[in-house]
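Below is one structure, written out as structure tokens; comments come after it.
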Amino acid sequence: MSDESQIEIPPSFMALYLAPGRQKPSLPHAELAARYELCEDMAQMLTETARNMEFSLGITESDVLARCGQGLRVEPTVVSEAESQWVVRRLAELLDWRLPVGDAER
11 MSDESQIEIP PSFMALYLAP GRQKPSLPHA ELAARYELCE DMAQMLTETA
61 RNMEFSLGIT ESDVLARCGQ GLRVEPTVVS EAESQWVVRR LAELLDWRLP
111 VGDAER
């Protein structure tokens, strides 16, 4: 069994690549797993940065998440718009922070 088949991709990430009414993602499993690993790694790496921003800048958790989201969308982008939203939601989850109103539905 290959390493890539060991990766468990959460439904929240897989949903980024499911067209309405479809059950199969639009990316091959290996590519989907690679995209997930990249996004998960980004969220994990941003945890310390986000905590430092909150403390050093004296801004709210919501503002920190918004700034992180903006940073993920700066050219040249590494992740898609949908992936950047997922990374911010995952970051909030890792930090046990509430998502700003309106972001929970995305």
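Under the working numbering, the first residue of the sequence shown is numbered 11, with each subsequent residue one higher. Ideal Cβ placement from N, Cα and C applies to all residues, glycine included. The model shown is predicted, which means the values in this text are computed figures rather than measured ones.
Report task. Express the C-alpha separation of Tyr27 and Lys34 in angstroms, rounding to a whole number. Result -> Here residue 34 is taken as the residue at index 24 of the sequence shown, counted from 1. Here residue 27 is taken as the residue at index 17 of the sequence shown, counted from 1. When rounded, the distance between both Cα atoms is 8 Å.
Report task. Between the Cα of Val89 and those of Pro110, Asn62, Ala44 and Phe65, spot the shortest distance and give me the residue it belongs to. Result -> The residue labelled residue 89 in the question sits at position 79 within the sequence shown. The residue with the shortest Cα to Cα distance from Val89 is Ala44.
Query raised in the report: What's the gap between the Cα of Pro30 and the Cα of Ser66?
Result: In the sequence shown, the residue the question calls residue 30 occupies position 20. In the sequence shown, the residue the question calls residue 66 occupies position 56. Taking the straight line from one Cα to the other gives about 42 Å.
Query raised in the report: Quick one, are the C-beta atoms of Thr57 and Leu109 less than 9 Å apart?
Result: Within the sequence shown, the letter at position 47 stands for residue 57. Within the sequence shown, the letter at position 99 stands for residue 109. No, the Cβ-Cβ distance between Thr57 and Leu109 is not below 9 Å.
Report task. Count the other C-beta atoms from every protein chain shown that fall within 10 angstroms of the C-beta of Arg100, then say buried if there are 16 or more, exposed otherwise. Result -> Indexing the sequence shown from 1 puts residue 100 at position 90. The residue is buried, with at least 16 neighbouring Cβ atoms inside 10 Å.
Query raised in the report: Considering only residues of the same chain and omitting the five flanking positions on each side of Val74, which have a CB-CB separation below 6 Å?
Result: Translated into positions along the sequence shown, residue 74 becomes position 64. Contacts found: Ala60, Met63 and Glu64.
Query raised in the report: Hey, how far is the Cα of Met24 from the Cα of Ile69?
Result: Your numbering for residue 24 matches position 14 in the sequence shown. Your numbering for residue 69 matches position 59 in the sequence shown. Roughly 32 Å between the two C-alpha positions.
Query - Leu26 - DSSP class collapsed to helix/strand/coil - result: Taking the first residue of the sequence shown as 1, we reach residue 26 at position 16. Note: Leu26 maps to helix in three-state DSSP.
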